[in-house]
Every structure is written in C-alpha cells, then in structure tokens.
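Student:
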Amino acid sequence: MKAFIMPEVGKTDIVDKPIPEPGPDEVIVKTTHALICTSDLHTVKGALPVEPGVTLGHESIGVVHAIGSNVTGFTEGQRVAVNAVTPCFQCRYCQSGYTSQCGGPLGGYQYTAQRDGNMSEYFMVPHAMANLAPIPDDVSNEAAVYACDMLSTGIMGAEHCYLTIGDSVAVFALGAVGLSAVLGATMLGAGRIYAVDSVPKRQELARAFGATDIIDFTQGDAVEQIMEATGGEGVDAAIEAFGFPQTWESCIRVTKAGGRISNIGYHGENPEPLQVPLDAFGLGMADKSIHTGLCPGGNDRMQRIFALIGAGRFDPTLMTTHTFGFDDVGEGFRLMEAKEDGIIKPLITF
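Take the sequence shown: its letter number 120 is residue 120 in full-length UniProt numbering, and every next letter is one higher.
1) Measuring straight from C-alpha to C-alpha, what distance separates isoleucine 61 and valine 125?
2) Report yes if the C-beta distance between valine 50 and methionine 1 is below 9 Å; otherwise report no.
3) What are the partner residues of aspartate 16, as DSSP defines its beta bridges?
4) For the beta strand (DSSP E) containing valine 145, list its first residue and its last residue.
5) When DSSP labels each residue in this structure, what does glycine 330 get in the three-state scheme?
6) Who are the Cβ neighbours of methionine 156 in its own chain at under 6 Å, not counting the five residues just before and after it?
7) Starting from the N-terminal side, write out each stretch of the alpha helix (DSSP H) that is 4 residues or longer and does not extend beyond the region 197-248.
8) Closer than 8 Å by C-beta to asparagine 270: which residues in its own chain qualify, once you throw out the five before and the five after it? Chain order, please.
9) Thinking C-beta only, is valine 63 closer than 9 Å to leucine 347?
10) Measure the C-alpha to C-alpha separation of glycine 268 and threonine 38 and round it to an integer number of angstroms.
11) Return the CA-CA distance between alanine 206 and glycine 189, expressed in angstroms with no decimal places.
12) Quick check: the region 83-90 against the region 172-190, are at least 3 beta-carbon pairs closer than 8 Å?
13) In the DSSP assignment, the beta strand (DSSP E) including isoleucine 61 goes from what residue to what residue?
14) Measuring straight from C-alpha to C-alpha, what distance separates aspartate 25 and valine 171?
15) I need the straight-line Cα distance from aspartate 167 to asparagine 131, nearest angstrom please.
16) Under 8 Å, with one C-beta from each stretch per pair, do the region 233-242 and the region 250-269 reach the 3-pair mark?
17) In or out: valine 71 buried (at least 16 other Cβ within 10 Å) or exposed?
18) Identify every residue that forms a DSSP beta bridge with serine 96.
19) I'd like the ranges of any beta strand (DSSP E) spanning at least 3 consecutive residues and lying wholly in the region 127-190.
20) At which residue ranges does the region 264-325 contain complete alpha helix (DSSP H) runs of 4 or more residues, listed in the order of the chain?
21) Indicate the three-state DSSP secondary structure (helix, strand or coil) for alanine 257 in the structure shown.
22) For a quick check, are the C-beta atoms of isoleucine 14 and phenylalanine 4 less than 9 Å apart?
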C-alpha cells in the first residue's frame, strides 16, 4: 500500500508499506477519504518527537477490510470511521472519563504519535470494539470524515465552556476547529458568539454556523472590540482555537469575572511559557477557570456527531475548500502550510 510519511523533520513523502494485518482486537480499514490536519504540519516541523518514516494522519474513514478474531458487529465492506484519539477504555484515565489521556498525558493520541497514522491506503484501528464507528446511511463520506477530529475537538471546546442558555462566548481563530467550536456553542445555546478572524471566507462560514458578531482584528484590537461590544463587561466564556500566545492572553482578557476559558489550540511550537495577564486574572482571584482538552475518543462520541449531521443540524462539508487525490496529498499539505488559496480544509480521496 501507499502511505504518506515523514522520513525526517521538515520532509514528507509517499512510500510503499505492507498492508497491516489485524491483531485479535483490531480492524484494518481500506481508506476512502481523509483530511489533512494542522497537527500534522506541527509534527513535520519537529514539534512532536516521532520515529523517522512514521505515517502521518489521524482523520481518515473507509470500509472494513479485515477483522480481528475478537471483534464482532462489523462486516467487510462496511463504511466506518475512527476518532483521531483511540483510547483503550481500560486504564484509570479512561475509566475516570479522560479518554484522550489514555495511559498518561495525551496518551490517547496514538496515530503518528505512537504508531503509524492513517493517511495511507489501509490503516489499523486499535481496540476496535470501542473505537470503530459505523457510518449511518444518511451521512456522506465527505461529511463523516469531519467527525474524526475537527467536529469532535471543536464541539469539545464549547462543551468545556459549560455554557448555559443565552451565554456569550468568543472564539479566537476560525480554522476548521474554531468553526466547529462556533457550531458547538450554537448548539449549546450561546446567545452571542463573537467570532474572531480576518479572512472573509472564514467569517462567512462562522455566520453560517451561528456566529452573531464578527471581530476582524485587522480593523482594531480584538479585545477592545469585544469589550466595547459587551459594555466593558466581557464574555461568559472564550475559546482559544489557534495555539498562539496572543490569542491565549486575549481569551483571558475578554472573559468576565467568573468566566471560563477553553483551550483547544495546540501550543507545541511556542518555545516560551504561556503568560497569564494578572490584571485580567484578578491577581489569581477573579474566579476564572481554564479547561484544556484533547478531543475525546470512542465510537459513542462519533455516533453522537453522526446523529447531528444526519439530522441536518449543520453541514461540515462547507469547510472543505480543496479536494486532492491521494497522489497529490503533498500539494494539499503544502497549501495548508502556506495558508494559500483561501484554504481551510483539504479533502483527500483514495
């Protein structure tokens, strides 16, 4: 099979690898669709220590190819998906409800980080009974692939805001994860959603997904704009969806006393520690809370997202700006890295 790999830091390539064989608790999937994630860009830049030659990717779906001896409930040729996080559901972290931390900090993130990723013609699903999810007939492949990471992570960002009906929330950065956070905030009942970005296409999608106010930071300081719009009070919650020190601090500054900051941005490329502005943090006494997270794994999570898509609550394919065949995945990767041609999310077809 062909696989998209990182032979060394700063380089990618398509190479031949053996088609994996399933262990007793595993399933092998023949890939049909995938998405490129910004996390892969970080990995190739060296932010995540991985073995040379590891396969990239953690947002892939397909059809069942081979089934391990202990796995039941699936048939060959069935459309299936797996989350970017593949926990064991047996360790103390999993049993405590922190599936993304399976076995230790961030341990549930196994594709590429601990084993070959799934940007390849075939891939393995570990702990398949818990992690493999059937794709319903009313959900297209092009939509289903967004449940693997973008929707799961973005919606988690909104869940970690602990919103109540009518709350206000600011979302900093409108990539696919930030846009998914807007969707999550909308579905959880936020009254005002301040979506921060300067790219017109992303602003347009944010409005389509439920944002009530667009904050363009090229037209003035984003924090000042949000504070003015809220009468100086600030928002009930803020979501950091970029992984950048300035947006991190902005989330703390725009959140009112007693508010919640939800971080879903990846900060692995920033060499300096993140700073907490003490005035906005009330010198540690403003009753503000910070909740970090990595998207929860498991087939139940996937099926809940599929239920939303199938019911027509939203259309995630609006975030797909480019489509490439697998042979051209390198070009999609390059565009993502350069942020060229208005790219938001590239779909890869096999």
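Ideal Cβ positions, reconstructed from N, Cα and C, are used throughout, including at glycine.
All values reported here derive from a predicted model rather than from experimental measurement.
Tutor: This is what the structure gives:
1) 11 Å
2) no
3) Lys2
4) Segment: none, valine 145 is in no beta strand (DSSP E) and carries neither H nor E.
5) Correct three-state label for glycine 330: helix.
6) Setting aside the 5 residues that flank it on each side, methionine 156 is surrounded in the same chain by Gly293 and Cys295, each with a C-beta closer than 6 Å to its C-beta; the list follows chain order.
7) 200-208 and 222-229
8) The residues are Gly243, Phe244 and Pro245.
9) no
10) 12 Å
11) 15 Å
12) no
13) 60-67
14) Going from the Cα of aspartate 25 to the Cα of valine 171 covers about 39 Å.
15) The alpha-carbon separation between aspartate 167 and asparagine 131 amounts to approximately 33 Å.
16) yes
17) So valine 71 ends up on the buried side.
18) Answer is none; serine 96 lacks a bridge partner.
19) 132-134 and 168-172
20) With a minimum length of 4 residues, the continuous alpha helix (DSSP H) runs that stay inside the region 264-325 are 299-310.
21) Here DSSP, grouped into helix, strand and coil, assigns alanine 257 to strand.
22) Yes, the Cβ-Cβ distance between isoleucine 14 and phenylalanine 4 is below 9 Å.
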